[in-house]
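The next block holds one structure in the form of structure tokens; read it before the comments.
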Amino acid sequence: MIHLPRPEGMPPTNGYSHAVVASGEVVVVSGQLPADTEGRLVGDGDPLAQARQVFANLARALTAAGSDVSHLVRLGFFLTDLADLGAVRTARTEFLGDAPEPASSLVQVAGLVLPGARLEIDALAVRRAH
Numbered sequence: 006m007i008h009l010p011r012p013e014g015m016p017p018t019n020g021y022s023h024a025v026v027a028s029g030e031v032v033v034v035s036g037q038l039p040a041d042t043e044g045r046l047v048g049d050g051d052p053l054a055q056a057r058q059v060f061a062n063l064a065r066a067l068t069a070a071g072s073d074v075s076h077l078v079r080l081g082f083f084l085t086d087l088a089d090l091g092a093v094r095t096a097r098t099e100f101l102g103d104a105p106e107p108a109s110s111l112v113q114v115a116g117l118v119l120p121g122a123r124l125e126i127d128a129l130a131v132r133r134a135h
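Structure, rendered in structure tokens:
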């Protein structure tokens with residue numbers, strides 16, 4: 006994969022690449038919510054706890070599909086309150102570790118399907134080489 010964090014003439018970024026070039030088998034991960042294995046909300050009212058749960062769920066889905074954080078192409082963020090962005094960025098940094106920063110988008114939404122959920126994140130990745 007080729008990550009282009011800030012091509013010439015592009016504005017600065019904060020934790021994402023403006024573009025990513027990837028090849029291989031595509032892994033599409035549905036939007037993940039801050040839910041435990043029983044579907045119960047984790048971290049009611051705590052955006053950092055919710056973000057950490059969402060990223061844990063993303064990691065499990067990526068692993069199940071034969072991928073991992075280092076093979077992410079894009080993350081899509083849906084937040085009910087943009088004031089939570091700092092907490093989400095903290096959890097994203099923990100999740101990515103030393104992996105290259107994927108392309109990203111962020112949308113504020115009025116609500117999510119899980120009552121009390123403050124964010125949902127979906128992902129696009131490629132599979133690890135076999």
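The opening position of the sequence shown corresponds to residue 6 in my numbering, with each subsequent residue numbered one higher.
Every residue gets a Cβ at the ideal spot worked out from N, C-alpha and C, and that includes glycine.
Small disclaimer: the values here were computed from a predicted structure and weren't measured.
**Study point:** Cut-off 6 angstroms between Cβ atoms - residues of its own chain near residue 183, not counting five sequence neighbours on either side
**Key:** Any answer about residue 183 is impossible in this case: the structure gives the chain only from 6 up to 135.
Check your understanding: Is the beta carbon of residue 82 less than 8 angstroms from the beta carbon of residue 63?
Key -> Your numbering for residue 82 matches position 77 in the sequence shown. Your numbering for residue 63 matches position 58 in the sequence shown. Pairing residue 82 with residue 63 gives a Cβ-Cβ distance that is not under 8 angstroms.
**Study point:** Start-to-end residues for the alpha helix (DSSP H) that takes in residue 2
**Key:** Residue 2 is absent from the structure shown; the chain starts at 6 and stops at 135.
**Study point:** Assigned secondary structure, residue 27 (DSSP; H/G/I helix, E/B strand, else coil)
**Key:** Counting from 1 along the sequence shown, the entry for residue 27 is found at position 22. In the displayed model, residue 27 falls within coil according to three-state DSSP, outside both helix and strand.
Check your understanding: Would you report the Cα separation of residue 131 and residue 78, rounded to the nearest angstrom?
Key -> Locating residue 131 in the sequence shown gives position 126, where the first residue counts as 1. Locating residue 78 in the sequence shown gives position 73, where the first residue counts as 1. Roughly 7 angstroms between the two C-alpha positions.
Point to revise | Run of the alpha helix (DSSP H) containing residue 123, from where it starts to where it stops | key: Taking the sequence shown and counting its residues from 1, the one referred to as residue 123 is at position 118. No alpha helix (DSSP H) contains residue 123, which DSSP labels as neither H nor E.
Review point. In terms of DSSP beta bridges, what is residue 72 paired with?
Key: Looking up residue 72 in the sequence shown gives position 67. Paired residue(s): none; residue 72 is not in a bridge.
Review point. What residue range is occupied by the uninterrupted alpha helix (DSSP H) comprising residue 93?
Key: One-based indexing of the sequence shown puts residue 93 at position 88. According to the DSSP assignment, residue 93 belongs to the alpha helix (DSSP H) that extends over 90–101.
Check your understanding: Does the region 12–32 touch the region 40–56, meaning 3 or more C-beta pairs lie closer than 8 angstroms?
Key -> Touching, no.
**Study point:** residue 79, enclosing beta strand (DSSP E) - first and last residue
**Key:** Looking up residue 79 in the sequence shown gives position 74. Its beta strand (DSSP E) spans residues 77–84.
Check your understanding: Between residue 73 and residue 98, what straight-line distance do the alpha-carbon atoms span, to the nearest angstrom?
Key -> Reading the sequence shown from its first residue, position 68 is the one you call residue 73. Reading the sequence shown from its first residue, position 93 is the one you call residue 98. Spanning the alpha carbons of residue 73 and residue 98 requires a straight line of approximately 15 angstroms.
Check your understanding: The beta strand (DSSP E) with residue 112 in it runs from where to where?
Key -> Your numbering for residue 112 matches position 107 in the sequence shown. Where residue 112 is concerned, the enclosing beta strand (DSSP E) stretches over 108–113.
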